[in-house]
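Peer 1:
Protein chains: 2
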Amino acid sequence: MAVTIKDVAKRANVAPSTVSRVIANSSRISEKTKERVREAMKELGYHPNFNARSLANKSTKTLGIVMPNSAKIAFQNPFFPEVIRGISMKAYQEGYGLYLSTGQTEEEILEEVEQMVYGGRVDGILLLYSRVNDKVMPFLIEQNFPFVLIGRPYNIDEDQVTYVNNDNFKAAKTVTEYLMLLGHERIGFIGGNLNFVVTIDHMKGYEQALSNANIPLRKDYIVHHEELQEGGQDAVIELMSIEQRPTALIVADDIMTFGVLKMLADMNVKVPGDMSIVSFNNVMISELSSPTMTTVDIHIYELGFEATKCLIGKINEPNFSVKKVIVPHKLVKRESCK
Amino acid sequence: MAVTIKDVAKRANVAPSTVSRVIANSSRISEKTKERVREAMKELGYHPNFNARSLANKSTKTLGIVMPNSAKIAFQNPFFPEVIRGISMKAYQEGYGLYLSTGQTEEEILEEVEQMVYGGRVDGILLLYSRVNDKVMPFLIEQNFPFVLIGRPYNIDEDQVTYVNNDNFKAAKTVTEYLMLLGHERIGFIGGNLNFVVTIDHMKGYEQALSNANIPLRKDYIVHHEELQEGGQDAVIELMSIEQRPTALIVADDIMTFGVLKMLADMNVKVPGDMSIVSFNNVMISELSSPTMTTVDIHIYELGFEATKCLIGKINEPNFSVKKVIVPHKLVKRESCK
DNA sequence: GTGAAAGCGCTAACAC
DNA sequence: GTGTTAGCGCTTTCAC
């Protein structure tokens, strides 16, 4: 059996509670006793038991990370690793551990979240997606459980949730305007899954920019796809089959853009000569495409970092006021636009 | 306060222990009582507390995932998301949760692992890397703590550790032979960090193949780089500066190959016309490069899945015999070789 | 088949 | 400043 607080107490000739106080570094313990106790801990090789502590404390010092169908599509996208990197950094700084959701379907995920909450597995939750008709967020709100959303709540009172997001509407609008400034009027839009709020925001920004410029919206210029790699390729086929082809493309995601570039190359359409492309995210490999892609850097790492900061704040201050953090984006101009 | 086993017991007119047995679905409880208890649980909205259970049980039903400096380099590589996808799947199937390491340096990671082990945070550990002079593995062995390595132990008695790996030596050898069959004799090698065992194995396979073919090894054809994206590009500069340039390249990682392709394109070196390339991993976007890359599919998902299977086996059967699992690899021929 | 009670290792009143 | 003690919510002997 492992060495416990009691063993240490005996060894140091103090009460268990004193040892506990030394662990917590209570100011009410004299330096002398602290030293004595610490020495005893060293000698015996004492290490606190997390479960006991969590049970007594009702605090686990771990954060739950909830991803959309964790195993299937999510992880194909470098967005998630990168956002977790940001989370990880802040969590480590603050002494928190990370617990990962593993469910595949929406139901499984909801079940897992319930376990995390009811089972006292985590102190707070980071929601890495925001989906239309999501069940998880309403549950968390109803339970009044600390959580932070990366993204934007949809069909839910914004005042009820703390979230960290980009201004995706504006980003898409800017990007569209940028293409128009370059002289493009026939701008195609390759969006992601319409169940994700980010997709909706992108589309609205695109529409708004066109409308402001009095360019009529063409439904056939808009294609949505869930799959990242094939998605991009399929979309290109659709768009290039239109009689009056677009001269520029806005693509939801850099990874998709790889597929788009590939397909265009196969079709012998030159980028940026015959087709300009701009996309979103600026993941690491975005600068490794040929041509390198112009894309919106959404500062993924920061999204994770900030969200974690908010969450830990919420956990520590019970009546932490609801907060919205908008992480700025930045258009990174490379070679794919003309 | 949440509803506990006692509340359920009262409601169902049984003892707490009975409720516990119903949860465990003990065969010694009559169907009638089971029904009654379950109904009470439903009515009260009972959910078991994990920490209490773990404390009493000495089992957490969670697995620790340990990555090399989690936040920095690791996650840039799609290898990790993909292997976690495999882990995640098996873990979910078996009712295990996942706990992620967040440390940045080797020391931090060792500390975290100690916490996981001593603190009873996890039932077992998945080591996602195998590094020369690693401290974590010796610790785990010394503690006799259940763990499975993805990769191959180095400088450690193989009989002491269960591991899941590819035959990286053979893969590299095959790949080299493949290039030689295509007529290449001047084959460059762009390897990863030499502290990782996989790099060593790749190199040995490469050397062996050359030696078998009586082609002298040229040190200047071998370059190592840690960074995935710039790494590839830097390496190309080095190799292309050699008077007698290689005509083929073996690259440690698909992501690196993106950098290599980019740089070669910039230098106006045609692939596969002037240079053949083959790399390792076959991550999702590997089929989206131009030209598409020939690469060794190492079945990353399976590595994670199998390792998790082994680990859970080890956890459940105390004297589970040490096991080595070699996941087969497969050369995926695409357009980058000639 | 079911109940009573001890105990997992720790924290936090409450005493002194 | 430090000790005593009662839990935290669950499992698991040991009775009956």
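Protein sequence lines correspond, in order, to chains A and B. Note that full-length UniProt numbering gives residue 33 to position 33 of the first sequence, counting from 1, and the numbers run on in steps of one. Note that full-length UniProt numbering gives residue 136 to position 136 of the second sequence, counting from 1, and the numbers run on in steps of one. Built from N, CA and C at the ideal position, the CB exists for glycine as well.
Is it right to say residue 97 of chain A is buried, meaning 16 or more other beta carbons lie within 10 angstroms of its own, or is it exposed?
Peer 2: Classification for residue 97 of chain A: buried.
Peer 1: Report, in whole angstroms, the separation of the C-beta atoms of residue 253 of chain B and residue 77 of chain B, which I expect to be a contact under 8 Å.
Peer 2: That pair is a contact at about 7 Å.
Peer 1: Report the residue from B/9, B/34, B/164 and B/185 whose alpha carbon sits nearest the alpha carbon of residue 198 of chain B.
Peer 2: The residue with the shortest Cα to Cα distance from residue 198 of chain B is B/164.
Peer 1: Of all the residues that make up the segment 257–284 of chain A, which are near chain B by a beta-carbon distance shorter than 8 Å?
Peer 2: Listed by position, the residues of the segment 257–284 of chain A near chain B (Cβ gap below 8 Å) are 258, 259, 261, 262, 265 and 284.
Peer 1: Listing by chain order, which chain B residues have their CB less than 8 Å from the CB of residue 225 of chain A?
Peer 2: Here the premise fails: no neighbours, minimum Cβ distance about 14 Å.
Peer 1: Within 10 angstroms of the Cβ of residue 233 of chain A, are there 16 or more other Cβ atoms? Answer buried if so, exposed if not.
Peer 2: The residue in question, residue 233 of chain A, is buried, as its Cβ has 16 or more Cβ neighbours within 10 Å.
Peer 1: For residue 116 of chain A, is the beta carbon positioned less than 8 Å from some heavy atom of the ligand MG?
Peer 2: The model depicted lacks the ligand MG and carries no ligand whatsoever.
Peer 1: In this structure, does DSSP put residue 305 of chain A in helix, strand or coil?
Peer 2: DSSP places residue 305 of chain A in helix when its eight states are reduced to three.
Peer 1: Between residue 124 of chain B and residue 47 of chain A, how many whole angstroms is the CB-CB distance? I'm expecting something under 8 Å.
Peer 2: Wrong, their Cβ atoms sit about 18 Å apart, outside the cutoff.
Peer 1: Evaluate residue 18 of chain A with the Cβ neighbour count: other Cβ atoms within 10 Å of its Cβ, from every protein chain shown; 16 or more gives buried, anything less gives exposed.
Peer 2: Under this definition residue 18 of chain A is a buried residue.
Peer 1: Quick one: does residue 50 of chain B have its CB under 9 Å from some CB of chain A?
Peer 2: True, the Cβ-Cβ gap to chain A drops below 9 Å.
Peer 1: If residue 249 of chain A sits next to residue 188 of chain A, beta carbons under 8 Å apart, how far is it from one beta carbon to the other, in whole angstroms?
Peer 2: Contact flag correct, Cβ pair sits at about 5 Å.
Peer 1: Please report the distance separating the alpha-carbon of residue 259 of chain A from that of residue 228 of chain A.
Peer 2: Those two C-alpha atoms are separated by around 8 Å.
Peer 1: Check each residue of the segment 76–87 of chain B: if its Cβ is closer than 9 Å to any Cβ of chain A, include it; give the result in chain order.
Peer 2: Those residues of the segment 76–87 of chain B that come within reach of chain A (Cβ to Cβ, closer than 9 Å) are 76, 77, 78, 80, 81, 82, 84, 85, 86 and 87.
Peer 1: Would residue 54 of chain B count as contacting chain A if we go by Cβ distances under 9 Å?
Peer 2: Yes, its Cβ sits closer than 9 Å to a Cβ of chain A.
Peer 1: Hey, does residue 121 of chain B have any beta-carbon neighbour from chain A nearer than 9 Å?
Peer 2: Judged by the 9 Å Cβ criterion, residue 121 of chain B is in contact with chain A.
Peer 1: Near residue 94 of chain B, what residues of its chain come up, given a Cβ to Cβ distance below 6 Å and the 5 sequence neighbours on each side ignored?
Peer 2: For residue 94 of chain B, where only same-chain residues beyond five positions count, the Cβ hits under 6 Å are 312.
Peer 1: Give the DSSP-derived three-state secondary structure of residue 326 of chain A in the structure shown.
Peer 2: Of the three classes helix, strand and coil, the one that applies to residue 326 of chain A here is strand, per DSSP.
Peer 1: Helix, strand or coil: which one does DSSP assign to residue 254 of chain A?
Peer 2: Residue state, collapsed to three classes: helix.
Peer 1: Helix, strand or coil, according to DSSP, for residue 60 of chain A in the structure here?
Peer 2: Three-state DSSP puts residue 60 of chain A in coil, outside helix and strand.
Peer 1: Assuming residue 256 of chain A contacts residue 237 of chain A under a Cβ cut-off of 8 Å, what Cβ separation, rounded to an integer in Å, is found between them?
Peer 2: Contact doesn't hold; Cβ gap of about 14 Å is too wide.
Peer 1: Would you report the Cα separation of residue 110 of chain B and residue 216 of chain A, rounded to the nearest angstrom?
Peer 2: The alpha-carbon atoms of residue 110 of chain B and residue 216 of chain A are separated by roughly 60 Å.
Peer 1: The alpha helix (DSSP H) with residue 168 of chain B in it runs from where to where?
Peer 2: Run containing residue 168 of chain B: 168–181, per the alpha helix (DSSP H) assignment.
Peer 1: When the distance is taken between beta carbons, is residue 322 of chain B closer than 9 Å to residue 159 of chain B?
Peer 2: The answer is yes: Cβ separation under 9 Å.
Peer 1: Answer yes or no: do residue 11 of chain A and residue 44 of chain A have a C-beta to C-beta separation smaller than 9 Å?
Peer 2: Yes.
Peer 1: Are at least three pairs of beta-carbons, each pair with one atom in the segment 277–288 of chain A and one in the segment 297–314 of chain A, less than 8 Å apart?
Peer 2: The segment 277–288 of chain A is in contact with the segment 297–314 of chain A.
Peer 1: State yes or no: is the beta carbon of residue 339 of chain A nearer than 9 Å to at least one beta carbon in chain B?
Peer 2: Nothing can be reported for residue 339 of chain A, as the shown portion of chain A is limited to 1 through 338.
Peer 1: Scan the segment 177–205 of chain A for residues whose Cβ lies nearer than 7 Å to a Cβ of chain B and list them as they occur along the chain.
Peer 2: Flagged: no residues at all.
Peer 1: Kindly indicate if chain A contains any beta-carbon less than 9 Å away from that of residue 339 of chain B.
Peer 2: Outside the shown range of chain B, which is 1 to 338, sits residue 339 of chain B, and nothing can be said about it.
Peer 1: Among the candidates A/92, A/226, A/170 and A/286, whose CA atom is the shortest distance from the CA of residue 326 of chain A?
Peer 2: If we check each option's Cα against that of residue 326 of chain A, A/170 comes out closest.
Peer 1: Can you tell me where the alpha helix (DSSP H) holding residue 199 of chain B begins and where it ends?
Peer 2: Element bounds for residue 199 of chain B: 197–212.
Peer 1: Using 10 angstroms around the beta-carbon of residue 56 of chain B, count the other beta-carbons present and answer buried if the total reaches 16, otherwise exposed.
Peer 2: Classification of residue 56 of chain B: exposed, given that the 10 Å Cβ count is below 16.
Peer 1: At the level of alpha carbons, what is the spacing between residue 223 of chain B and residue 241 of chain B?
Peer 2: Between residue 223 of chain B and residue 241 of chain B, the C-alpha separation is close to 12 Å.
Peer 1: Evaluate contact between the segment 100–114 of chain B and the segment 139–149 of chain B, counting only Cβ atoms and requiring at least three cross-stretch pairs below 8 Å.
Peer 2: Result yes; three or more Cβ-Cβ pairs closer than 8 Å.
Peer 1: Please return the same chain residues whose Cβ sits closer than 7 Å to the Cβ of residue 154 of chain B, not counting the five positions on each side in sequence.
Peer 2: Hits under 7 Å: 130, 132 and 197.
Peer 1: Below 9 Å between beta carbons: does that hold for residue 126 of chain A and residue 156 of chain A?
Peer 2: No; because the gap between Cβ atoms is not below 9 Å, this pair is not in contact.
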